[in-house]
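Per this note's numbering, the very first residue in the sequence shown carries number 1; after that it's consecutive.
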Amino acid sequence: CKLYRTELLKKNDVRFLLGVHPTEDTYFNYQFMEFAKTAVFINKPLFHYRQNEGSVIHRWTDNNFSNVDLVIDALEEFHKKFPKADPKRYQQAIYSRLINTYMLGLERTYVHKDRPYSFRQTLRLMKEQLNTPRYAEAFEKVDTSAINKKAKAVCLFGQWKWVLPLYLLGWVRRISRKF
């Protein structure tokens, strides 16, 4: 659960990128954190998040990855205007976000029950996505020292371009969300 001071949002014109889904909150939160003087983390469940299988987040879409590129492009432009963030930490945050969205996009695009691709086409498309410069760099240069073993495995499979284990992890993620 995130709560924001309205005055901070209005004063700094913090907004969502319109028409971008998923990861529309990435840009919003990055802007907010640039202008916030403090942030507080409370480790308590304050609300219950319900999953609706018919919602936009669960529908098959072919543009998940192009939307991520739009968000990363917007973040890079924002960072040029407000370069307060430590460049190394900023870049690591971008790499982590790209890897996370690769796995979410994998789950929502390639292992989705409504995908129009054969298994062979799916693996080829996954590999093409891994070979794009942005994702290849993220998987190669992400700092894995502070992440869990499952995330490290994802990073290694991505570095090695092993799409079959990534595909299987996507299925496991999709199935585990139903329980």
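Where a beta carbon is used, it is the ideal one built from N, C-alpha and C, also for glycine.
> Which word fits residue 107, buried or exposed, when buried means at least 16 other C-beta atoms lie within 10 angstroms of its C-beta?
Replying inline: Buried, by the Cβ-count rule.
> Contact check, residue 74 vs residue 27 under 8 Å by CB: the rounded distance?
Replying inline: 5 Å
> Which residue from 127, 46, 112, 144 puts its Cα closest to that of residue 175?
Replying inline: 112
> I think residue 14 touches residue 32, with their Cβ atoms under 8 Å apart; what is that distance to the nearest whole Å?
Replying inline: 5 Å
> Could you check where the alpha helix (DSSP H) with residue 94 kicks off and where it finishes?
Replying inline: 87-105
>> Rounding to the nearest angstrom, what Cα-Cα distance links residue 148 and residue 131 in this structure?
In response: 24 Å
> Should residue 18 and residue 71 be called a contact, given that it needs their Cβ atoms to be closer than 8 Å?
Replying inline: no
> Run through DSSP, which three-state label would residue 181 get?
Replying inline: Since the first residue of the chain shown is 1 and the last is 179, residue 181 is not available in this structure.
> To the nearest whole angstrom, what separates the beta carbons of residue 67 and residue 23, a pair I think is in contact under 8 Å?
Replying inline: 7 Å
>> Applying the 10 Å Cβ sphere with the 16-neighbour rule, what's the burial state of residue 129?
In response: buried
> Between residue 154 and residue 49, what straight-line distance do the alpha-carbon atoms span, to the nearest angstrom?
Replying inline: 26 Å
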